[in-house]
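Numbering (this note's numbering), first residue to last: 951 to 1089. Read through the structure below, which is laid out as structure tokens, and then see the notes.
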């Protein structure tokens, strides 16, 4: 069981680290951009780079992510989905393993983890539940 938890944690870290590329590609005049970037708690304008591959989709306002965003694994399956407000994660987010099973779910407030977070193994079974306040694990 401990090996599964470690494997799940490493997989989740890999997924989250993979969302940190900063390439973007505008899609027409719709205001929707395809990107491969995760602003996390550091809102900043997204640099325009043409020809990047699709890693995520969502809208920007004043150069910052706004509203619903969906991120994808290289295999095309969802990696993460949630909302941004002024470039920071806000509200409920869900993360998935590359095989499509849920990896984690929980909430953000102002770009920081908040409330109950649940981690799942690669078969979708619940591993653990943690409580967060202001981005820090509450014991």
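A virtual CB, placed ideally from N, CA and C, is assigned to each residue, including glycine.
Practice problem: Just grab the DSSP bridge partners of residue 1081 for me. | Solution: 1066, 1088
Quiz prompt | Reference residue 1018, options 1024, 1073, 1007, closest by Cα | solution = 1007
Quiz item: Of all the options 1013, 1058, 1078, 1049, which has the alpha carbon lying nearest to the alpha carbon of residue 1032?
Solution: 1058
Exercise. Helix, strand or coil for residue 1036, going by three-state DSSP, please let me know.
Key: coil
Self-check item: Beta-carbon spacing of residue 1028, residue 1046 below 8 Å
Solution: yes
Self-check item: For residue 1026 and residue 1056, the rounded distance between their alpha carbons
Solution: 23 Å
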